[in-house]
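Residue numbers (our numbering): -2 to 82. Cβ atoms here follow ideal geometry from the backbone N, Cα and C, with glycine treated the same way. Just so it is clear, the structure is predicted and the values come from calculations on it, not from any experiment. Remarks on the structure that follows.
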Amino acid sequence: MMFEDRFSPNKANFACCQCRLAFRQDVSMPYHAVDGSQSVRCPKCSQPMHNMGVGFVIPRSKDAKQWHKIELLVQHDFSFELLPA
Ligand SMILES: [Zn+2]
């Protein structure tokens, strides 16, 4: 699933479910490969981080319930950009 310029986001949220780490990353520069895989990597486990889109609200690291939800969504290639803000 690719996102075009529809939302023209400059900063998207990237998340690592394993580390429960997320931050905003400037995406105005090329950052992903043609197949959509991100080269943004988790600073902790160096796994590719998942692009959660611009409207994503980063949960607290202690919020296990919320992170579990995110994990499931990531597994199903869900993006928060599909949700109304
Ligand atoms: Zn990680």
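Beta-carbon gap between residue i and residue j smaller than 8 Å
i	j	result
H47	F20	no
Q63	Q44	no
Status (buried if at least 16 other CB within 10 Å, exposed otherwise) for residue i
i	result
V54	exposed
R17	buried
F9	Sequence check: residue 9 is Ala here, not Phe. A9 comes out buried.
C42	exposed
Where the alpha helix (DSSP H) through residue i begins and ends
i	result
K66	A61 to Q72
Beta strand (DSSP E) segment containing residue i, residue limits
i	result
E7	Going by the sequence as given, residue 7 is Asn instead of Glu. Run containing N7: none; DSSP gives neither H nor E here.
M49	H47 to G50
Three-state class that DSSP yields for residue i in the structure shown
i	result
Q22	strand
C14	coil
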